[in-house]
Amino acid sequence: MKHAKAIAYLRQLCCSGLNKEIVIPEFLFAVQSVIPSGSNTFSGWNESTIPTYFILENAIADLLDASELVPIIISAFFTPERTNSFVSWFITHPTLTDSKILDRNFYKTDFYNLIFRPYNQHHSLLTLVWINGKPVGTINLFRPRHQKPFNIREQNLMTQLLPYVSHALQAPDDSGIQYCEHGASGMMIMDTQGRVQFMSHAAKHVLALAYHPTLTVDSRSEEVELLAKLAQLCRNLDTIFQGKHAAPPSWSYTNSRGRFIFCAHWLNKQNNEPGGFIGITIEHQEPLTLKILRTLQALPLSAMQKEAALLLAQGFSNEKIGEHLHIKNTTVKDHIGKIFTKLDIHNREELLPKLLALETLEISERG
């Protein structure tokens, strides 16, 4: 039953309407509950079937330290000969688990030793994603050397999930996304000129998501622009403490991975010497829909009740819920009554706070 619920969550996630930069990283992480794996990625292709962008599971944001090299190394590896061999394989096979099919000396290439090996990506399960009869990329699941290769059952399961991944990749960008007011946060310390001095691990992770919602050859330029903005916040704060006018030292930045809130604060030296450091807090706010979906998967609700709860938490009326789920108003009321009973709440206003509180509790227990 637990396995079935995890698969149902993956399907619901892909049909949530959120854009691919939000859905795919969550998919790469959540699929591990049904296909044990880690450090998973998605490689997006251009019309010449050359990998041009990469979406990473959140857990491997540290890979972005090598953001300049990763796309270059991968693009260099996929020569026309290897690309043709790759595509030809998938014409007759749904998955690829033997990387030596691409190159007999695969485990001696820079591709493996500089990208795969440092993150224990030894055994692989690559599945080609198609849209309208054209290959658009691959879902790439990995395991370390000491674990067993992916078996036939796991390959078949990934193949069954592919249509949902394809659906997720076609979701339009939504400018009206509602974000959760609280999210993961971190702290970085900079000097008055905006040079980074110290950074927490959490801040490094959040910054990685802000820098690169996807990995591309031009990823480095995004990082430079963002750091320049943070440096300006430091200069603004320093100017304010000199008694001069400057813009408030805070900034809100939104990309396809969420909304990021940066706030600069003066850190006084204890001995009152001149100079000092500036602390910048960073908060990553995820789409509210994703937060709710994550929480609902662990609750004792039926599939239909979870769908109704998602819509209810987003402020849909009973009538709109019925239209969306193609059910009668009396059935909607029945589902809502059972949701209230199972979650021990009394009205719709209590639902969203309850779900967010449950997610916070689950995160603290995991930590």
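Just so you know, the UniProt record's numbering puts 197 at position 197 of the sequence shown, and the rest follows in order with no gaps. Each residue gets a CB set at the ideal place from its N, CA and C atoms; glycine is no exception. Small disclaimer: the values here were computed from a predicted structure and weren't measured.
Endpoints, the beta strand (DSSP E) within which residue i is located
i      : result
Leu299 : First-last for Leu299: undefined, no H or E at that position.
His123 : His123 to Ile131
Asp135 : Asp is not the amino acid found at residue 135; the sequence shown has Pro there. Counting along the chain, the beta strand (DSSP E) containing Pro135 begins and ends at Lys134 to Arg143.
Lys147 : Inspection of the sequence shows that residue 147 is occupied by Gln rather than by Lys. Segment: none, Gln147 is in no beta strand (DSSP E) and carries neither H nor E.
His284 : Phe277 to Gln285
Gly258 : Gly258 to Leu267
CB-CB length for residue i against residue j, believed under 8 Å
i      : j      : result
Gly258 : Gln297 : No, Gly258 and Gln297 are not in contact; Cβ-Cβ is about 19 Å, not under 8 Å.
Phe90  : Pro135 : 7 Å
Val129 : Val87  : Actually they are not in contact, since the Cβ atoms of Val129 and Val87 sit about 13 Å apart, beyond 8 Å.
Thr127 : Pro94  : 7 Å
Lys244 : Leu301 : Going by Cβ atoms, the distance from Lys244 to Leu301 rounds to 56 Å, so no, they are not a contact pair.
Ile55  : Thr41  : 7 Å
Sequence-distant residues of the same chain with beta carbon closer than 7 Å to residue i, five excluded per side
i      : result
Gln170 : Ile131
Ile292 : Leu310, Ala313 and Leu355
Leu157 : Val34 and Ile35
Asp103 : Arg82 and Thr109
Lys229 : Trp251
Ile321 : Ala308, Leu311, Leu312 and Val332
Ala303 : Ala8
Euclidean distance between Cα positions of residue i and residue j
i      : j      : result
Trp251 : Ser33  : 37 Å
Leu209 : Thr331 : 41 Å
Leu352 : Thr52  : 39 Å
Cys263 : Glu323 : 42 Å
Ala30  : Leu10  : 7 Å
His346 : Phe340 : 6 Å
Ser43  : Gln305 : 34 Å
Lys2   : Val196 : 45 Å
Trp45  : Glu154 : 24 Å
Leu358 : Lys328 : 30 Å
Pro249 : Leu288 : 26 Å
His182 : Gly17  : 22 Å
His123 : Leu290 : 30 Å
Gly367 : Ile74  : Because Gly367 carries a pLDDT of 47, less than 50, the predicted location of this residue cannot be relied on, and no value is offered for it.
Ile261 : Glu225 : 16 Å
Thr254 : Ala184 : 15 Å
Lys5   : Glu307 : 13 Å
Leu161 : Ile7   : 8 Å
Glu365 : Tyr112 : For Glu365, the predicted model reports a pLDDT of 45, less than 50, meaning its position is unreliable; a value from the coordinates is still stated below. Straight-line Cα distance between these residues: approximately 36 Å.
Cys15  : Phe27  : 11 Å
Gly194 : Ile152 : 52 Å
Leu215 : His167 : 21 Å
Leu13  : Ser317 : 22 Å
Glu47  : Phe277 : 49 Å
Asn140 : Pro25  : 12 Å
Glu21  : Pro144 : 25 Å
Arg117 : Lys148 : 16 Å
Phe142 : Gln121 : 5 Å
Ile280 : Ala231 : 10 Å
Gly337 : Leu299 : 15 Å
His146 : Asp334 : 50 Å
Pro80  : Thr138 : 17 Å
The alpha helix (DSSP H) enclosing residue i, as first and last residue numbers
i      : result
Ile321 : Asn318 to Leu325
Glu154 : Ile152 to Leu169
Ile336 : Asn329 to Leu343
Leu13  : Lys2 to Cys14
Leu28  : Lys20 to Ala30
Own chain partners of residue i with C-beta closer than 6 Å, once the 5 adjacent residues on each side are dropped
i      : result
Gly186 : Ser200, Ala202, Ala203, Val206 and Ile282
Ala59  : Reliability fails at Ala59, whose pLDDT of 48 lies under 50, so the model's placement of it is uncertain and no value is given.
Glu350 : none
Glu223 : Tyr211
Phe198 : Ile189
Gln242 : none
Phe150 : Thr97 and Leu125
Asn272 : Any reading at Asn272 is ruled out, since the residue's pLDDT is 49, under 50, leaving its predicted position unreliable.
Lys100 : Phe106
Thr92  : none
Asp344 : none
Ile177 : Pro287
Asn84  : none
Beta-carbon contacts of residue i that lie in its chain and below 8 Å, excluding the five residues immediately before and after
i      : result
Ala246 : Arg235, Asn236, Leu237, Thr239 and Ile240
Asp174 : Gly17, Leu18 and Asn19
Asn268 : Gly276
Thr295 : Leu355, Leu356, Leu358, Glu359 and Glu362
Which full runs of the beta strand (DSSP E) of 3+ residues lie inside the region 178 to 251, going along the chain? Counting only unbroken stretches of 3 or more residues, the beta strand (DSSP E) elements lying wholly within the region 178 to 251 are 184 to 190 and 196 to 199, in sequence order.
Would you mind listing the beta strand (DSSP E) stretches within the region 36 to 115 that are 3+ residues and don't spill past its ends, in chain order? Counting whole runs of 3 or more residues, the region 36 to 115 contains the beta strand (DSSP E) stretches 41 to 45 and 51 to 56.
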